[in-house]
Each structure stands twice: as structure tokens, then as C-alpha cells.
Amino acid sequence: MSLTAGALVVYKHKPARVLSGGDKPEIEILGAGRQRVRPKDVQPLHPGPLESLAALTPPPGNPEEAWELLEGTETTLEELAELVYGTFTPASAWAVWQLLEAGDLFYGAPARIVPRTPAERAEHAERFAAQQAEADRQEAFLARLRRGELNPEDRPRLADVEALALGRATKSRTLAALGRSETPEAAHALLLRVGAWNETMNPYPTRLGVDTRPVTLPLPTLPDEPRLDLTHLPALAIDDEGSLDPDDALSLEALPHGWRLWVHVSDAAALITPDSELDLEARRRGATLYLPEGAVPMLPQAAIEALGLGLGEVSPALSIRVDLDANFEPLEVDVALTRVRVTRLTYAQAQEQLGDEPLATLRRIAAHLREGRAGRGALMIELPEVKVRVHGGQVDVKVLPPLESRQVVQESMMLAGWAVATFGLEHGIPLPYAAQEAFERYDDQATTLPEMYARRRSLKRTQWAAQPAPHAGLGLERYVQSTSPMRRYLDLVAHQQLRAFLAERPFVRTPDMLQRIGAADLASSGVREAERKSLRHWTLVYLSRHRGPWHGVVVDRRGPAATVLLTELALELSLTGDLAPGSELRLEAAEIDLPGLDARVRNVG
1 MSLTAGALVV YKHKPARVLS GGDKPEIEIL GAGRQRVRPK DVQPLHPGPL ESLAALTPPP
61 GNPEEAWELL EGTETTLEEL AELVYGTFTP ASAWAVWQLL EAGDLFYGAP ARIVPRTPAE
121 RAEHAERFAA QQAEADRQEA FLARLRRGEL NPEDRPRLAD VEALALGRAT KSRTLAALGR
181 SETPEAAHAL LLRVGAWNET MNPYPTRLGV DTRPVTLPLP TLPDEPRLDL THLPALAIDD
241 EGSLDPDDAL SLEALPHGWR LWVHVSDAAA LITPDSELDL EARRRGATLY LPEGAVPMLP
301 QAAIEALGLG LGEVSPALSI RVDLDANFEP LEVDVALTRV RVTRLTYAQA QEQLGDEPLA
361 TLRRIAAHLR EGRAGRGALM IELPEVKVRV HGGQVDVKVL PPLESRQVVQ ESMMLAGWAV
421 ATFGLEHGIP LPYAAQEAFE RYDDQATTLP EMYARRRSLK RTQWAAQPAP HAGLGLERYV
481 QSTSPMRRYL DLVAHQQLRA FLAERPFVRT PDMLQRIGAA DLASSGVREA ERKSLRHWTL
541 VYLSRHRGPW HGVVVDRRGP AATVLLTELA LELSLTGDLA PGSELRLEAA EIDLPGLDAR
601 VRNVG
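Quick note on full-length UniProt numbering: the sequence shown kicks off at 1 and runs consecutively.
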């Protein structure tokens, strides 16, 4: 049948009238306007002329009687139209097509239509009834969701919503049917509203594709190799209370004209060799995942138990040596495989011992190092910090006091990073150098929270390369992160390269180094984002249970909205009003938006 003007065709299950023929005919579609289509995309039904689609009113007829007459035979659309409706017109042709689409009496195409057998009709009717019953159940399910209700048997029907909320899908048939946006946030909100999830459900690690399963690969035995025995030196591993993976410790020796500072680091590369299964798994993960619910280590638990400093009587270490003159200026750096005897302290315990050796001298060294970095433009940022932990759905938020013992450890670790970078440069060792571009300068005497907030905003992203470059934020001319090889993959890579040098083995080549840097940076970025969002999620859960009042400080203002920092929660929120930076407020939580990771607070004076 040719596609001439006035012909009746079917396009995407709808009747359409041909307006003009040709290679790309124009058609008028019922309820959808005009459109040019390819001839193969339409099904001709009647040559016309059809003056209007409104004329397709079904004529009277008896399809059941026609089925009885035609049982066991075949026919065409034109013949069936004449048999059922007495004439072949556009209206009767469309009516027969609807019989075919219904499928209970006939099936086929316009040129060959076959009546169903009684058995086929019974099967079709049963299938149709089941489909209709399922459609009714689905509509009842959607009605319950609209009311915020959920029956126990509804849970499987929410699978597509949960998949979207967890980042395992990009669409949701249920949300689309409800007329809601198909986003993870909308899915999360619906699951909370109907009670399928509660506030303790943290979707972010899964949504961001971060592995939360423990590493279960087998661990090799520690190699028997020469190590410098430093067990005679007191070595202090200072960490947060409850830390389970101590990977650095400090020792100090007096020299005739200065000091020898040792930064001992867990010797992870002794067990995790380049391109081994464990190395590839650590590279895939990028870093240990620290959540309020607990940590998911980058390495097997057995590796932490074997390598953690202070977990055994004597620990293997890769130790970074920095010789300092009497004024605490670095003179010489070195790296060695060692054995150390470590005592573990919390930051609070170390704070109490700052007046005793060796911490008293370490404190003076740290103060000198910090002053030197500040003189080279380092960005000193002091903002409130908290530790959020979750046990059995209960959230605990603990403010971390700005202890000087933390600065002692931080300065020592940064000195170690500079020393490793210097050692690598002196010996031609390819290493993953961390660099940071210069940033907008702020008042060096800044002390207020708004000033500190502005400082933090000015920081540029850390860049990684196989060649040294300045790290502006730290105020160091070169730097290699190297004090957490059990927790950060690039630290592990640095250790693998240092070990290759010490053993006079080939290094990982620079192109391979760059590939490792790229893979680890991408993976660890996902880990850090999962940590940030999980921390904010649980902090908001805590805020929903403890609505205030809380102490708040306005730290920034942009347009009508101000950024306010809840100091006891280290939580930043937006607040509208005529509020100047530095204003101190008493705030209460008015509304918590967990899926949006936001909250609305009100000023109560």
C-alpha cells in the first residue's frame, strides 16, 4: 500500500494520517501533532481518503462471531474488517488493528491474520488477568507510597528505588511513576519517608563505588633481611584514642652538636611488593576508608597486625633519619630498615608528657619547624575538629582539643616527607611527589574563624608528579607523603621505591609511576568523598537528635546567605539574614534534610 495523502497508518501504536508522501512522508499523529517519518517506521492500514483522525470512531460489529466463523483459517485485515463491520473503511481498519493489538481473538499482521484457538484464548485470558492483577497491585503500591505508607510485601517493589539510592542504577520506574525526579537524593528521601530506610542508613560509600569489604588476600611472611637495631631508643607512637593501625613513631637522639630525629614508619613494602596481588588491591582501593561506623583498611588485617608499630614487642620499620644542628636546622637525611621497640600514647597522654624528655625537645623542634614553614608562606589553619563515632546506631561527637602534642606529630611527619623527597632527589629515586600551587595571600596574623575559613578556601588541590615541586600550603620546597604506607597507596609506592634503592633493585619506571599516581589519586578521591559525606550524614543524624541550642559563628557571607559554623559539631550550614562574618549566634535545628546532606537552622539569640 502506497503512502499517499489521506492514507491511514499506525505510528508507535497510534493512528496517523498521511499528509504528504515521498521519501520522508509527513504524518499527523493522533494527539501528537505533525512529524516527518521514514516509510519503514509506519504500518499502512487503509489507502484513504481519511479526512480527519476524529473520524476513526469504531463502527458497530461482532468480532466474537467473526472469530467463530474463521476458526482454523486465515484472513487479511481488509477481509476481517468487511466480515466484522460490513465495510472496509479507515474506521473499520483501525478497529481491526485494535483487535490485533488486544490479541485475545486474533494475532498476526494486516496481510495475514490468524484466529486464536480456544486453548490459546484461554491462555491469553489467564495471562491478561494476571497482568491486570499485577497492574492493580502496582497501582495500589504507588498509592501507598503517595500516602507515605509501606506494607511488608511492598519491599521487593522498592528494589529499583534502592538501586538508585545506592548508585547501582540511574533510573527508577517507581519514581518515574510517582512523577518524582529520578535522582539518588529523591530515592533516599522516599525510602526514608515510607520507613524502608531509617536515618542510620549511610548510602555514600556504596553510592560512590567505594569497597567496604575487608581485604582477604593471603599475606606473605616477613623476609629475613638485615635491619638496623634501634630497640635501645625510646620510640613513641602517638595517635587518637582507639586507633587500630599505628604506622608512625618518633625517636630522638642527642648528638655532640645537635640532634638526630628518627621517624619510624611501618614497613608495609616489606610485604606488599610492586604489582603483587596485594599491591594491585591496595592500588584499586587507594586508601583506608575511615567512617564513623569504623575503618575499612586498605591492607589485610593480618598486615596491620604484623606491621603496626607497637602492636608487637618489636616492630619492623622503615626509618627516616634527620640530623639537626643545635638550632634544629636539618643537616643530613637518610633512610634505613630498622627494628624498633614502640610505646603507644594517645595525644592526651603525650600532652601531659610534653615537659618530659624526649617530648620536651621534640616540642621545641616542632615549634622551630612550624615557625620556619610559616616564614616560607605555609598556610596555618586552625578550625574546630570533631571525632564522630557510631556504635549500634548511637552517634557520639567528641570535640578534638587543639593539643600541642598533635603539632609535634604533624611537624615531625612533614619533616619526614621533606626528608624523603630530599633523599630521593639526592639519589635519583623516582617518587610520587606532592605539590601545591601558590594561593591568594591572607593576613599572616589571622586568628579569627572567618579568617581561618577564608584561608582554607584559598587552598589549591594537591598535584602529584614524578618530579619535585614546591608545596605552597605546607611551606616546603619539596614533599613526599610517606608516613602512612598502611593507609595510603602513594605512601606505599614511595616505600617500595625506597626499598628498591636500599636493596639495589630496579625502581618502578617513571611512566609506571605516573600510572600508579593516576590510579591511586582517582581511587583515593572517591574514598575521601565517601568519608566527607558519611561524616556529614552522621553529624546531621546527631543534630536531628540534639537540636540545640548550639554555638555558631558566621564565617562567610555571599549575597543573602551566610555560612555559619556550628563550632561544637564542626558543621557548616547556610543561614539567611543580615549577618556579618564573626557574628556569634545561638542556633537550633529546625529541619534536617538527610538525603540533601543539609539542615535548616534558626537563630534563637
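The C-beta atom is built at its ideal place from N, Cα and C for all residues, glycine as well.
Predicted model, so just to flag it, every value in this text is computed and none were measured.
Around the beta carbon of Q132, a 10 Å sphere encloses fewer than 16 other beta carbons of the protein chains shown; the residue is thus reported as exposed. Between the C-alpha atoms of E591 and L19 there is a straight-line separation of about 57 Å. V114 is positioned such that its CB atom lies closer than 8 Å to that of E74.
Under the three-state reduction of DSSP output, E385 falls in the coil class, being neither helix nor strand. According to DSSP, residue pairing for G552 in a beta bridge involves L566 and L585.
Counting of Cβ neighbours within 10 angstroms places R146 among the exposed residues, the total staying below 16. T174: member of the alpha helix (DSSP H) spanning R173 to L178, first to last residue. Ranked by Cα distance from R227, the first of L514, L502 and E584 is L502. Take the alpha-carbon of H551 and the one of S405: they are about 26 Å apart. Counting only the Cα atoms, D245 lies some 36 Å from L191. In this structure, DSSP gives F328 a state outside helix and strand, which the three-state scheme calls coil. Within its own chain, the residues whose Cβ lies closer than 7 Å to the Cβ of H471, once the five positions on either side in sequence are excluded, are A434, A435, Q436 and Y479, listed in chain order.
For D248, the enclosing beta strand (DSSP E) stretches over residues D248 to L255. In the DSSP assignment, V508 falls outside any beta strand (DSSP E), carrying neither H nor E. By the beta-carbon neighbour count (other beta carbons within 10 angstroms, threshold 16), S315 is buried.
Of F328, T221, P430 and F423, the smallest CA-CA separation from E411 is found for F328. Of all alpha-carbon atoms in L45, H537 and P39, the one lying nearest the alpha-carbon of L8 is that of L45. Rounded to the nearest angstrom, the gap between the Cα atoms of V409 and A367 is 11 Å.
Within the region 114–165, the alpha helix (DSSP H) runs of at least 4 residues that lie entirely inside it are, in chain order, 118–146 and 159–165. Only residues of its own chain outside the window of five on either side were considered, and among them V554, L575 and L579 have a CB closer than 6 Å to the CB of A562, listed in chain order. By the 16-neighbour rule on beta-carbons within 10 angstroms, L83 is buried.
Annotation: the continuous beta strand (DSSP E) that includes L8 extends over L8 to Y11. Exclusion of the five residues before and after V333 leaves V322, A419, T422 and F423 as the residues of its chain whose Cβ lies within less than 6 Å of its Cβ.
Rounded to the nearest whole angstrom, the C-alpha separation of R456 and E139 is 51 Å. R17 sits buried, since 16 or more C-beta atoms from the chains shown fall within 10 Å of its C-beta. Going by DSSP, D396 is part of the beta strand (DSSP E) stretching over Q394 to V399. For secondary structure counted as the alpha helix (DSSP H) over 4 or more consecutive residues, the region 468–512 holds these complete runs in sequence order: 489–502. Just so you know, the alpha carbons of A237 and A360 end up roughly 15 Å apart.
Taking A500 as reference, the option from L105, A270, P203 and E28 with the minimal CA-CA separation is A270. A distance of 8 Å or more separates the beta carbons of V296 and L307. Assigned with DSSP and collapsed to three states, T361 falls in helix.
If you look at H46, you'll find it in the beta strand (DSSP E) that goes Q43 to H46. In its chain, beyond the 5 residues on either side, E78, A81 and E82 have a beta carbon closer than 6 Å to the beta carbon of F88. Annotated three-state conformation of W67 is helix, per DSSP. In this structure, M380 sits away from T483, with a CB-CB distance that is not shorter than 8 Å. At the C-beta level, H188 and P205 stay beyond 8 Å of one another.
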